[in-house]
Amino acid sequence: MPRVVVTGLGVVSPLGQTIDVFVESLRAARSGITLVPSSLNSGEHALVAGLVPFDPAKHWPAHRVAQHDRATQLALVAAAQALAHANVGDTRSHIGVYWGTGFGGAASIEESYRLFYLDGGRMRPTSVVLAMSNAAAGNISIVNRLRGPILNVSTACSSSASAIGEAFRAIKHGYADAILAGGSDAPITGANLRAWDAMQAIAHADPVDASRSCKPFALDRKGIVLGEGAGALLLEREDHAIARGARIIAELAGYGNRADAVHISRPDPEGQAAAMRAALGESGLESDSIGYVNAHGTATQVGDVAETTAIKDVFGSVPPPVSSTKSLHGHLMGAAGIVEFLAALVALEHGFLPPTAHLDLPDPACDLDYVPNVARAASIDAVMSNSFGFGGMNAVLLARRYAA
Amino acid sequence: MDTLDTLQVVRELAAAQVGATVDTIDVDVTADSLGLDSLDFLEFLFALEDKLKIRIPHEAVATVKTLRDLAAVIDGLIAAAPPVAPPAAPPVAPPAAS
Numbered sequence: 000m001p002r003v004v005v006t007g008l009g010v011v012s013p014l015g016q017t018i019d020v021f022v023e024s025l026r027a028a029r030s031g032i033t034l035v036p037s038s039l040n041s042g043e044h045a046l047v048a049g050l051v052p053f054d055p056a057k058h059w060p061a062h063r064v065a066q067h068d069r070a071t072q073l074a075l076v077a078a079a080q081a082l083a084h085a086n087v088g089d090t091r092s093h094i095g096v097y098w099g100t101g102f103g104g105a106a107s108i109e110e111s112y113r114l115f116y117l118d119g120g121r122m123r124p125t126s127v128v129l130a131m132s133n134a135a136a137g138n139i140s141i142v143n144r145l146r147g148p149i150l151n152v153s154t155a156c157s158s159s160a161s162a163i164g165e166a167f168r169a170i171k172h173g174y175a176d177a178i179l180a181g182g183s184d185a186p187i188t189g190a191n192l193r194a195w196d197a198m199q200a201i202a203h204a205d206p207v208d209a210s211r212s213c214k215p216f217a218l219d220r221k222g223i224v225l226g227e228g229a230g231a232l233l234l235e236r237e238d239h240a241i242a243r244g245a246r247i248i249a250e251l252a253g254y255g256n257r258a259d260a261v262h263i264s265r266p267d268p269e270g271q272a273a274a275m276r277a278a279l280g281e282s283g284l285e286s287d288s289i290g291y292v293n294a295h296g297t298a299t300q301v302g303d304v305a306e307t308t309a310i311k312d313v314f315g316s317v318p319p320p321v322s323s324t325k326s327l328h329g330h331l332m333g334a335a336g337i338v339e340f341l342a343a344l345v346a347l348e349h350g351f352l353p354p355t356a357h358l359d360l361p362d363p364a365c366d367l368d369y370v371p372n373v374a375r376a377a378s379i380d381a382v383m384s385n386s387f388g389f390g391g392m393n394a395v396l397l398a399r400r401y402a403a
Numbered sequence: 000m001d002t003l004d005t006l007q008v009v010r011e012l013a014a015a016q017v018g019a020t021v022d023t024i025d026v027d028v029t030a031d032s033l034g035l036d037s038l039d040f041l042e043f044l045f046a047l048e049d050k051l052k053i054r055i056p057h058e059a060v061a062t063v064k065t066l067r068d069l070a071a072v073i074d075g076l077i078a079a080a081p082p083v084a085p086p087a088a089p090p091v092a093p094p095a096a097s
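Sequence lines, in order, name chains A and B.
Take the first sequence: its letters are residues 0 to 403, numbered as in numbering that gives the first Met the number 0.
Take the second sequence: its letters are residues 0 to 97, numbered as in numbering that gives the first Met the number 0.
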């Protein structure tokens, strides 16, 4: 069975709009979480989110900006970075696109309903193509002339992890030579924030410092902080990458996908553990060779305990260090899987473990080594990244240092 | 009140739709040759409706080939029914709370 390698990376996130800035933000534990402007929040509580100070006018003229939802815009920039980083050049028609999103064109959907209900039933002619879930995948393919297999994956918080995993399988089993895989979401809209708040799932702004509002695994954690962003990576079959002289960043070694089959929003440790075991089993790696786990770690009361339990179950008495970088960038929803997998690759390549920030008050029910507050130098050879979505959709990715 | 120069408004909005300058917009060629594909053309009509506060029924533009044709159709629509404000109530009530 051929090996699958990573040859290019791209990111547009609350921690930076290039990979270089993303790396430094993780190293410095710099939070990208800020107060949501009042234009998006008319409720009585101050809300926070991981926002990207992204200006589409810096990338496209006005008439092109109007053709894409913000989520697609973020996706296009991340995808372009990954393709450039991979030095793909003009030989690209064989490349596929496997993309994850939770919400699709969230802001466009909301604007469509505003027009429909409040402006006499009018609808922009591009309403459908702006809103549709597969808009990012389609536009990435069109703009970059990528004609390989194409798939849009929506499994809530594990969307882009699943997209990467399915791309991995497609390449391993001979359906593609190379696939641009990743995900995007720009779900920070007035109605979405209200919807999540109505579930009592999101943290209100920390009263002292809004940037510290996301506290995974901490005793004083208050819930999810939503975020926006996009990430991309180019996956290739090993021999294909070598033949064109590509720089190989890491090897994608395993993908585990298992359902909880328990509850539509409450996570369950058994399904999570099964996904982790499946990824390990496929990779052939022993659990003690995993040097770092990037947790799903959403900072909910139940979720952080469930994941802690699952990790202990899989790794036994000496689990590896685990951190949730959501503490710094927030929950990027459909982009969470890719951006967190990128954080895990950063640990592998740059020799430091990103921390779980804002972990000042430990919770006795969460007693792993979460790399609290400060990045930690570490030379490791394999990393795991967990993404667990509503509906009990668990996707786990494993990457390891590439050795020819 | 200034007399509406419909052709000029049409030209300006077509320029904005394709990201070109007004002087490059030839009002006597097909929309397609200006870089307006079918979806762009519909968006362009939507923008015209917003700007001129009129409704442009699809049937009215079925035979339009050039921007000059379009301006003539719009002048006809305005003469037949001058611009009005949009209706106060939506055509479909928002879903009632259950």
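Note that the Cβ used here is the ideal one computed from N, Cα and C, for glycine as well.
Please read these numbers as outputs of a predicted model, since none were measured by experiment.
Own chain residues within Cβ distance below 7 Å of residue i, not counting five before or after
| i | result |
| --- | --- |
| arginine 144 of chain A | Arg91, Ser92 |
| valine 142 of chain A | Leu75 |
| threonine 20 of chain B | Ala14 |
| histidine 239 of chain A | Asp176, Ala177 |
| alanine 334 of chain A | Ser159, Gly182, Ser183, Asp184, Gly228, Ala229, Gly230 |
| glutamate 42 of chain B | Gln16 |
| leucine 3 of chain B | none |
Proximity to residue i [Cα-Cα], best of the options
| i | options | result |
| --- | --- | --- |
| aspartate 267 of chain A | A:Gln300, A:Pro363, A:Gly283, A:Asp362 | A:Gln300 |
| phenylalanine 102 of chain A | A:Ser153, A:Phe351, A:Met122, A:Asn393 | A:Ser153 |
| leucine 232 of chain A | A:Ser158, A:Ala79, A:Ile32 | A:Ala79 |
| alanine 364 of chain A | A:Leu327, A:Ala166, A:Lys311, A:Thr324 | A:Lys311 |
| asparagine 293 of chain A | A:Pro60, A:Cys213, A:Tyr369 | A:Tyr369 |
| methionine 275 of chain A | A:Val395, A:Glu43, A:Glu110, A:Ile241 | A:Val395 |
| alanine 130 of chain A | A:Cys156, A:Gln66, A:Leu150 | A:Gln66 |
| isoleucine 263 of chain A | A:Thr17, A:Asp89, A:Gly390 | A:Gly390 |
| proline 320 of chain A | A:Leu179, A:Gly290, A:Ala343 | A:Gly290 |
| serine 316 of chain A | A:Ser12, A:Pro361, A:Leu367 | A:Leu367 |
| glycine 388 of chain A | A:Arg257, A:Asp359, A:Ser210 | A:Arg257 |
| histidine 203 of chain A | A:Thr33, A:Asn393, A:Thr6 | A:Thr33 |
Cα-Cα separation, residue i to residue j
| i | j | result |
| --- | --- | --- |
| glycine 280 of chain A | glycine 253 of chain A | 8 Å |
| tyrosine 112 of chain A | isoleucine 223 of chain A | 26 Å |
| isoleucine 77 of chain B | arginine 168 of chain A | 59 Å |
| serine 159 of chain A | glycine 137 of chain A | 15 Å |
| methionine 332 of chain A | leucine 73 of chain A | 14 Å |
| alanine 376 of chain A | phenylalanine 351 of chain A | 4 Å |
| glutamate 339 of chain A | proline 215 of chain A | 14 Å |
| methionine 0 of chain B | alanine 46 of chain B | At methionine 0 of chain B, the pLDDT of 43 sits below 50, so the modelled position is not reliable and the matter cannot be decided from this model. |
| isoleucine 337 of chain A | isoleucine 163 of chain A | 8 Å |
| tyrosine 401 of chain A | glutamate 235 of chain A | 13 Å |
| arginine 220 of chain A | glycine 49 of chain A | 16 Å |
| serine 97 of chain B | proline 148 of chain A | Caution is warranted here: a pLDDT of 45 is assigned to serine 97 of chain B, below 50, making its placement in the model unreliable, and the coordinate value is therefore given only provisionally. The alpha-carbon atoms of serine 97 of chain B and proline 148 of chain A are separated by roughly 44 Å. |
| glycine 173 of chain A | alanine 83 of chain A | 24 Å |
| leucine 360 of chain A | proline 371 of chain A | 10 Å |
| threonine 125 of chain A | valine 51 of chain A | 25 Å |
| leucine 358 of chain A | serine 384 of chain A | 20 Å |
| isoleucine 241 of chain A | serine 210 of chain A | 43 Å |
| isoleucine 248 of chain A | arginine 2 of chain A | 13 Å |
| isoleucine 53 of chain B | glycine 119 of chain A | 12 Å |
First and last residue of the uninterrupted beta strand (DSSP E) at residue i
| i | result |
| --- | --- |
| methionine 275 of chain A | Element bounds for methionine 275 of chain A: not the beta strand (DSSP E) but the alpha helix (DSSP H), 268–282. |
| threonine 6 of chain A | 3–11 |
| aspartate 184 of chain A | 177–184 |
| glycine 222 of chain A | It is not in any beta strand (DSSP E) - glycine 222 of chain A carries neither H nor E in the DSSP assignment. |
| threonine 33 of chain A | 32–34 |
| valine 47 of chain A | 47–49 |
| arginine 257 of chain A | 249–258 |
| asparagine 393 of chain A | 392–399 |
| asparagine 86 of chain A | Segment: none, asparagine 86 of chain A is in no beta strand (DSSP E) and carries neither H nor E. |
| valine 292 of chain A | 291–293 |
Segment limits, alpha helix (DSSP H) that includes residue i
| i | result |
| --- | --- |
| isoleucine 310 of chain A | 300–314 |
| arginine 54 of chain B | Unbroken run through arginine 54 of chain B: none, as it is neither H nor E. |
| valine 64 of chain A | 61–64 |
| valine 17 of chain B | 5–17 |
| histidine 239 of chain A | 237–242 |
| valine 20 of chain A | 18–26 |
| alanine 70 of chain B | 66–79 |
Cβ-heavy atom distance, residue i to the ligand MN, below 7 Å
| i | result |
| --- | --- |
| alanine 309 of chain A | This structure lacks the ligand MN, and indeed carries no ligand of any kind. |
Chain-order list of residues whose beta-carbon lies under 6 Å from that of residue i (same chain, five-residue window excluded)
| i | result |
| --- | --- |
| serine 288 of chain A | Ala381 |
| asparagine 133 of chain A | Asn151 |
| threonine 71 of chain A | Ala134, Ala135, Asn138 |
| serine 282 of chain A | Ala252, Gly253, Leu397 |
8 Å Cβ shell around residue i - same chain, five flanking residues per side excluded
| i | result |
| --- | --- |
| phenylalanine 115 of chain A | Arg121, Met122 |
| leucine 341 of chain A | Leu8, Val10, Ile18, Phe21, Gly230, Leu232 |
| valine 60 of chain B | Leu44, Leu69, Val72 |
For this session: Could I get the ranges of all uninterrupted alpha helix (DSSP H) runs contained in the segment 96–170 of chain A, with 4 residues as the minimum, in chain order?
Result: 105–117, 126–130, 134–143
Problem set entry | 3 or more residues per run - each beta strand (DSSP E) lying fully within the segment 345–385 of chain A | none
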